[in-house]
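Residue numbers (my numbering): 143 to 639. In what follows, a single structure is set out as structure tokens and then discussed.
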Ligand SMILES: [Zn+2]
């Protein structure tokens, strides 16, 4: 493997698991719902860390979700105290295995209902300070503490703008450094930039800071179709100019996460081109990318295959600015193993050939005679969603044939010869891939039973929401509906013709 032979090109290589309340599923870890499924033991964490380390990562990253970022956390105990104790163990384990740890958190998104606290309201600001101080103390020793603008998060009440976020980040960086002097700060610029702050968020007359009022459809206009991601070019310039002026005041070892472009996909379609700002920031503080949808989206969970795009992005970053690295995101750490393998390897060597990586992974996991599975899995990347830019288009007939071939090969694979350390039993991984291949095969075929598939997907992926509260954005419901509609749009189109 490349990791054993060459010095990694990027020094910061984070594997980011987003286990927030709205992204729970069978392949994610449940960190704060006792009695519900998908809890991981310390041994599960060990297997996961050994896997990502073998894949080429050197940092484990997670989101400190709003459910925990709440007033009751201040009293300790309950799920808050349990989470803190668990994360300290996980932190120690990561360090023992030679991995760094990192959390990110939007500082003003409070509680499971996603209340957006306003830094310009004294009592809200007191709450932000108290909760941030609580967690940076509880999780002291975490190598990197990320201050993240939002999504969800941000404010445009009481005169809050992108400048409010920068000023807030400066104060929170001081608090974190006081509570955990060895931790580095990372300031996220995520979005257009600093998504959710000031004019990036649509105006809500008389807004009380609640998620429900914010996303009320009546605020939708042709100019602002979504509640955030409305920052224009002039605002992006103003935001970055202000940030550049304040940046020298941040602790000297502060890192800045900035993408090549200011859209949710790192493109220059919203907010514009990030490259000149990345270069300017790099002269003051080290820069990383935080390219969220590069590896997978957020709604439907399935075995992703975005390898060529990931490779191209790493090469573009290398060419554009002196990045020290970035992160690869997943909400399915027990399913998207090929993606994690390729992501880790591409941080180590951006010149790696994505197709060769896919075949190498399949050969090591399913046996050399099934190396071709690595490229066959590209046929899964047909789900319309966040960050979906497929390399090729397929006919339904071609897909039907590919899924059939995947099924045949997976059924024949002998997993006892798997030579990669995986975070799950290789046999469980094979069974999960077979489950997806069979449903995709049916949905590419002549008469899929979509209502049955919707129910099966719910039971397979989202069963946890039968026993935990639905998230504020009700994403799980949407996910099941969308899964059952895979390849349905094209079908409709064919029917019309
Ligand atoms: Zn405000």
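The C-beta atom is built at its ideal place from N, Cα and C for all residues, glycine as well. Predicted model, so just to flag it, every value in this text is computed and none were measured.
Item                                                                                                                              : Value
Residue from 480, 464, 255 whose Cα sits closest to the Cα of residue 471                                                         : 480
Helix, strand or coil at residue 247 according to DSSP, with G and I counted as helix                                             : strand
Cut-off 6 Å between Cβ atoms - residues of its own chain near residue 507, not counting five sequence neighbours on either side   : 560, 562
Between the CA atoms of residue 525 and residue 621 - distance to the nearest angstrom                                            : 11 Å
Within 6 Å of ligand 1: residues by beta-carbon to any heavy atom                                                                 : 260, 261, 262, 297, 299, 300, 302
Buried or exposed (CB count within 10 angstroms, at least 16 for buried), residue 184                                             : exposed
Inter-residue spacing [alpha-carbon to alpha-carbon] between residue 637 and residue 542                                          : Note that residue 637 has pLDDT 43, beneath the 50 cutoff, so the model's placement of it is unreliable and the number below is only indicative. Roughly 18 Å separates the two Cα atoms.
Status (buried if at least 16 other CB within 10 Å, exposed otherwise) for residue 331                                            : buried
Among 591, 606, 608, the one whose alpha carbon lies nearest that of residue 628                                                  : 591
Whether residue 540 touches residue 496 by CB criterion (8 Å)                                                                     : no
For residue 214 and residue 455, the rounded distance between their alpha carbons                                                 : 41 Å
Runs of beta strand (DSSP E) lying entirely within the stretch 386-418, each at least 3 residues, in chain order                  : 397-399
Through-space distance from residue 360 to residue 316, alpha-carbon basis                                                        : 40 Å
Residue 273 (DSSP reduced to helix, strand or coil)                                                                               : helix
Those residues which DSSP pairs with residue 286 across a bridge                                                                  : 244, 326
Check: residue 303 C-beta below 7 Å from any heavy atom of ligand 3                                                               : No copy of ligand 3 occurs in the structure displayed; its ligands are ligand 1 alone.
For residue 348 and residue 266, the rounded distance between their alpha carbons                                                 : 17 Å
Nonlocal neighbours in the same chain, by C-beta distance under 6 Å from residue 382, ignoring five residues either side          : 419
C-beta atoms of residue 516 and residue 441 nearer than 8 Å                                                                       : no
The beta strand (DSSP E) enclosing residue 159, as first and last residue numbers                                                 : 154-159
Beta-carbon contacts of residue 585 that lie in its chain and below 6 Å, excluding the five residues immediately before and after : 628, 629
Other residues of its chain near residue 279: CB distance less than 7 Å, five sequence neighbours each side excluded              : 321
Extent of the continuous alpha helix (DSSP H) run through residue 256                                                             : First-last for residue 256: undefined, no H or E at that position.
Residue 459 - containing alpha helix (DSSP H), residue span                                                                       : 449-462
For residue 483, the first and last residue of its enclosing alpha helix (DSSP H)                                                 : 479-490
Through-space distance from residue 256 to residue 174, alpha-carbon basis                                                        : 16 Å
Residue 513 versus residue 519: straight-line alpha-carbon distance, rounded                                                      : 11 Å
Contact set for residue 305: own chain, Cβ-Cβ below 6 Å, skip 5 residues either direction                                         : 384
Residue from 467, 333, 325, 476 with nearest C-alpha to residue 181                                                               : 476
Backbone CA spacing between residue 409 and residue 318 [nearest angstrom]                                                        : 32 Å
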